[in-house]
Every structure is written in structure tokens, then in C-alpha cells.
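Okay, so here's the structure we're looking at.
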């Protein structure tokens, strides 16, 4: 009888499938009972550089950061006398970029005309020239209109518009250079990102190609003179100022900042006796000219120091990196009719179901189950990656979850967490909300091309059966799609692996693992740590995989795995029986001994274009059965295959849509040994679609839809529909 709430559930399921649930989402690795996870490679995230905008003129408060207080300079004054042998035009003016004191005077040795003029003792060019200590661009002259007093340079530096400057008050020791024309000093600046500070404020590498402070400029020569006298620049390896090349304004400001610091120290320590007034005047002018660059430079240094202090105070570890992944799962399943399952107690929870045979017909007992309810669950993984040498990795992964997918309601005994179950809709341990150690392994290099992995709990799927479009974080999302349903009896195991990168196109992986799985009780399973079975008894696998990559777009993987499978209660079955899916006995309800199996698997991924790819796999396996009764030995043959389409960057960069057709467990021989999983001889097949949509770098939503025909290999079972909306968070 169909559940009365069927229509309501169908509505909710269609609501889920349409993706109308609240978004949340991004990233991580393998499963619980029938855990057939996908590779967990490179689950880390990265910092992103940002481009800078042009630096605006800083306000007074910002420029105050570059203030230098130089005491006892009030008496600095001088008179400059010069004579000219002809009258000068009405006004002679020079433009400077600093404020001047109240009065500036210039004395001349003859009567001056009504307009202030200056005389020189030689013939002048057609245009009146002013003497400065650098080569200047085009025109402008000097106007003398007031007396001169010593400049005050103890005030905070601020950005000022050009001021008129009289030719006066130059220290006697100041060298001058003749210029035919006088002009404004360029105030052009680059952006904040033009500056890269390395090791010392004095050593700067600019990414800008602008070179707006040249060796012939007055500022360049003035700073070079200060560097030579006070040893300001210590950042260059050869200890020189490198005065033979042009510098960007930010690079120049870094050198000036070093000189300011050096001279300030000398003033503080020796009361200014070792610093000449001429040098102080030059420093003031340089400060004013490069006020904006100095403010930006010191602001960036302060910001870097603050960030460094914050990182040192809050870093998790100097050797360990923590990555976290969290998933929210909203899942519903709907069949419309009751579904046949092979179990003696169909109404029991899926994990508690027991397989058995009818004592009269010897056929497996079949029950029918109703539709499940919609569930909302969580799963969290925390991965600690520790490196002691920079080339090795100690991986410690903790997990906790409470998921039990509604699709499990439709499974026969031994098929828990297989068809229709989203890979990340699971618990982590044997019990809901139980924190478990999911992985513990150590990886180190023997050479550039050879690495070794060993540990008490190695994740098989981190190293084997990878696929570009089946990765559980963003690709095909069910247990049957993430990895081959025929792999592996030791999803996590104790042992060792060898990873050999033979060349660019060839990689070989080889390893041995004894069963050590986080969701199985050690009292019955986990043979590697059980003294009665040990590392080489119980369940274990030996696996070799060769990957051939003829190009960056194509990968072909060939895998062989040899398994020894421990019998549990005289039966061979899940969760440690892969490649067998289901439960086997001697064909008449009798007990079995330990089994052996050989699995052959091939998978490929091929990116035909940037926005379209193909992927698929095929697997074939033989499980050898050894009855403890007088029944003859036998072999169960089964196969699995999948073919899919991938659409990267669909609608948004980083997104991925995968659509695939798959047959998870088709039994081609030995069906008589199956007490569960064989059905009535039908072949189950599925169509799955998953769309990974990143919302941000750390949040994604992943709607998925599955349709299952001939569930549990019963060709008279109704079609099952499953919808899942997953939200992924990574941090």
C-alpha cells in the first residue's frame, strides 16, 4: 500500500530537484559503510593578489606620518648676492613645492629697478636663468619681493601647492648647476602596488617601468650626496646607492626614508653636531617633494608589520596547515510504489537488515518497503597537513556526521550506501555524530620521482581510481559514480604505497593495505589492528595502477587489485566484500570460508574542449567462494560500467555539470551463490546528473538528481527518483 503522504513527498522531491532550496557550499574526500570515495588530492585552497589604484594625494594627517623634527635650526640663514649686467624683465620667478617662512630677502650689489631683479656677472642667454642644483625642464623665472629669514623645518610635512621662491638663502656649500629654463617639479606618482618592500625599507624593487627620478635631477644628486656622507642606504648588496640608473619615485622614497631614519638617529645621539645645516635643508626639500610617496611607503610598512604581528599571534602552527570542509544535505527519494528488497526483515533499518533463504524454495527472501521521508543532515571533515622538511606530509583527518540517505531505504542487504546515495550524505563513524580518525598517513620522497606513503590508516582513494570529472567535491556525486563499485575491500587500510612518476606521461602506483576502516567495529572488522588476524591476515588488498597521459587533456588508468576477504558469520558480504556487492553463501544457506578476488578496472577522462569532456570506466571482477560445507567451490563474476558527459564552466566559471549512465553491479556468473544482490536476474541501471555551482571561493551549492531502474537487480521494481541539494563550505 502506498504511503498516504506520497503526493506531498513527490512535491518536496520535485522542489529539491529544481534547486529551489536555500543555497549554502565547497570541498573534500571518502565514505562510510559502502564507502567508495573519490580522490582527495589537493584540497586546499590559496591567497589572491589585488591590483592597486593610483595613490591619491594624502591628507595632512597622513603626511604627518613622515614628519621629522630637526632641532635648533632657527638660526639657519644666509644672504646670496649676485649681480647682473643688464636689467631683467618685470618678474623672475621659480616654482617650488614647499611652504616658505614669512620673509625671504635677497641682496644685490646695485640699485634695482622697480620690479625686483637679480644680477649676474656674466652674459646671460636670451631667457633669464636661475641657479639650481639640478637640470630643470622648461621655463619660469624668479621674483624677489620680500626679505629672507631662516626656514623653519620642524613643522609636520604636508602636501602644498607650488610656492614662489626667491633666489636666496642657499647654503654656501651648495653646488649649483646652470639651467637655461626653470619649471615646476613633476609631482607625478605611481600606484601603491608599484612598491615591493624586500628585507629592508632601503631595498625596494618597483614593478613600475616609470623612471621619473633621473641621475641628473636635483633630488637624485641631493640624496646621493647624503648617502655618501651618512651611509644611509644599506639595502643593496654592494652597499652603494647605484647612482648610475634612473629610479621610480617610490624607489627613491625608500632611499630617502632610510636617510631620514639614519640622520634622525644621529641627531638624537649627538645633539645634531654631526649633521650640517645644509644637509638638513636638503632633507627638508626632499621631504616636501616626496611627501606623498613617503606617506604611502610608511603606511605600507606599518600595515605589513601589523599583519606580520597578527599572523605570528594567531597562526595555528609553524608546521601544520588546517583545512576544514562542511556539507549540509537536503535529500529526498520517491518511488510511488513499494520496492522489493532481499532481506528477512524489510521493515528494519537498512543497516540492520539480514539476508536469508526460504527453507522451501531455497530462494532469497524478498520484502517490500515504503518511501522514506525527506532528511536534512551534515558531515564535517577537518584535515591537518603537517610538513617537517617542506617535502613530506603527515596527514591527519578527523570526521563527524549524521547522514543516512533516504535512498538507503530501498536497498537489499549488503547494498547500503550504494545506488541513489549522495556520497557526502553519510555518517563518519559507526554512530551518528561520532568523531572518528578517518585518515592517518605519512608521505615522504625518496627521490624527485619516487615517494613512499605508509601509515595505520591510508585512504585508498587518495591515490587510486582518480578521475577528473568524478571527483566528489565538484563532479559526479553518488557512491556509484565517485569510484568503481567494485573497489575496494580496504577503503582505508594500514600498510604502505610506492608512488613512481616514471615520466611526464607515465605514473605507477603500487601498494598493500590491511583493513583499517573508521566506520567498522574493530571487534569484528579492522583486521590489521586485530592480534588474531594482523596486518597480513583477515581482509587486505594489493593494488597496482598505471596512468598514461598522452596529453594534458587525456588520462587513461589501468588498475589491478588482488583481495583477500574475511568471512563474517560464515558469509561473504558488505561492508568488506568488494568487489562483491551483496551477500553470498554456499548457495544453500551454508557457511563460507575466507574468499579471494581479482578486480580489473579501467577509467578515463578526456577534455575535448575547454567546455566539454567525456569520462567513463569499466570494471570486471571474480570472487572465489570456498564453502565450509561439502558444496563445491565457485566463482561469482560481476561487472560495472559508466559513461558520462562533462560541461565545465557552464553558466559560470568554475562550475561543472556532469551527466552519466551507469550499471553499478551486473552479475554475469555465479548468481546462485547470492543470498542478496542478485534480484530476479534483472540488471540495475541509473542516470545521474550533478551541477556544481560555486557562489564564492568558499561556498558552493550542488543540486543532484538520480533515477534508478530495476533497483536491486529486480526488473519488476518501480523506478526510484532521488533529489539532493548539497551546500559545501571550505575553510
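In my numbering, the protein residues as written are 83 to 813.
For glycine and all other residues, C-beta sits at the position ideal for the given N, C-alpha and C.
Quantities reported herein were computed from a predicted structural model and do not represent experimental measurements.
How big is the Cα-Cα spacing for residue i and residue j?
i           : j           : result
residue 507 : residue 628 : 31 angstroms
residue 804 : residue 488 : 8 angstroms
residue 752 : residue 668 : 11 angstroms
residue 159 : residue 305 : Below a pLDDT of 50, predicted positions are generally treated as unreliable, and residue 159, at 35, falls in that range; the measurement from the model is reported next regardless. Distance between the alpha carbons of residue 159 and residue 305 is about 22 angstroms.
residue 771 : residue 741 : 4 angstroms
residue 615 : residue 526 : 29 angstroms
residue 559 : residue 394 : 39 angstroms
residue 415 : residue 807 : 12 angstroms
residue 591 : residue 543 : 12 angstroms
residue 260 : residue 338 : Model confidence at residue 260 stands at a pLDDT of 35, short of 50, so the residue's coordinates are unreliable; what they give is reported in the following sentence. Those two C-alpha atoms are separated by around 25 angstroms.
residue 717 : residue 440 : 23 angstroms
residue 496 : residue 758 : 7 angstroms
residue 392 : residue 383 : 14 angstroms
residue 769 : residue 790 : 7 angstroms
residue 203 : residue 302 : At residue 203, the pLDDT of 46 sits below 50, so the modelled position is not reliable; the number obtained from the coordinates is stated separately. Spanning the two alpha carbons is a distance of roughly 29 angstroms.
residue 405 : residue 438 : 45 angstroms
residue 710 : residue 675 : 6 angstroms
residue 730 : residue 719 : 36 angstroms
residue 785 : residue 743 : 17 angstroms
residue 388 : residue 733 : 40 angstroms
residue 725 : residue 686 : 10 angstroms
residue 631 : residue 747 : 28 angstroms
residue 812 : residue 739 : 20 angstroms
residue 611 : residue 604 : 8 angstroms
residue 602 : residue 417 : 30 angstroms
residue 530 : residue 659 : 37 angstroms
residue 792 : residue 568 : 19 angstroms
residue 573 : residue 691 : 33 angstroms
residue 345 : residue 386 : 24 angstroms
residue 735 : residue 447 : 51 angstroms
By DSSP's criteria, residue i is part of a beta bridge. Which residues make up the other side?
i           : result
residue 704 : 680, 719
residue 823 : What is shown of the chain runs 83 to 813, which leaves residue 823 out entirely.
residue 789 : 769, 803
residue 757 : Paired residue(s): none; residue 757 is not in a bridge.
residue 589 : 583, 629
residue 774 : 738
residue 574 : 541
residue 300 : For residue 300, which the question treats as bridged, DSSP gives no partner whatsoever.
residue 311 : According to DSSP, residue 311 bridges with nothing at all.
residue 295 : 329
residue 810 : 409, 782
residue 698 : 686, 725
Does residue i get closer than 7 angstroms to chain D when you measure Cβ to Cβ?
i           : result
residue 330 : In the displayed structure, chain D is absent; only one protein chain is listed.
How about residue i and residue j: do their beta carbons lie closer than 7 angstroms?
i           : j           : result
residue 655 : residue 673 : no
residue 600 : residue 609 : no
residue 491 : residue 454 : yes
residue 348 : residue 357 : yes
residue 499 : residue 561 : yes
residue 671 : residue 756 : no
residue 794 : residue 763 : no
residue 774 : residue 556 : yes
residue 682 : residue 702 : yes
residue 379 : residue 341 : no
residue 328 : residue 359 : no
residue 505 : residue 444 : no
residue 493 : residue 538 : no
residue 335 : residue 372 : yes
residue 413 : residue 457 : yes
Pull up the CB-CB distance for residue i and residue j, whole angstroms please, since I reckon it's below 8 angstroms.
i           : j           : result
residue 468 : residue 476 : 4 angstroms
residue 407 : residue 549 : Their Cβ separation, rounded to whole angstroms, is 20 angstroms, which puts residue 407 and residue 549 out of contact at 8 angstroms.
residue 449 : residue 423 : 6 angstroms
residue 595 : residue 623 : 6 angstroms
residue 588 : residue 540 : Between residue 540 and residue 588 the Cβ distance is about 23 angstroms, and since that is not below 8 angstroms, they are no contact.
residue 485 : residue 552 : With 8 angstroms as the limit, residue 485 and residue 552 do not qualify as a contact, their Cβ atoms being about 20 angstroms apart.
residue 593 : residue 619 : The Cβ separation is near 18 angstroms, so there is no contact.
residue 799 : residue 421 : 6 angstroms
residue 705 : residue 662 : 5 angstroms
residue 463 : residue 810 : Contact doesn't hold; Cβ gap of about 11 angstroms is too wide.
residue 582 : residue 532 : 5 angstroms
residue 442 : residue 428 : Between residue 428 and residue 442 the Cβ distance is about 19 angstroms, and since that is not below 8 angstroms, they are no contact.
residue 721 : residue 501 : Not confirmed; about 15 angstroms, so no contact.
Which complete beta strand (DSSP E) runs does the segment 448-486 hold, if anything under 3 residues is left out?
Secondary structure in the segment 448-486: the beta strand (DSSP E) runs of 3 residues or longer, each lying completely within the stretch, are 448-451, 457-468, 475-483 in chain order.
Segments of 3+ residues assigned as beta strand (DSSP E) that fall wholly inside the segment 371-447
Correct list: 402-416, 421-424.
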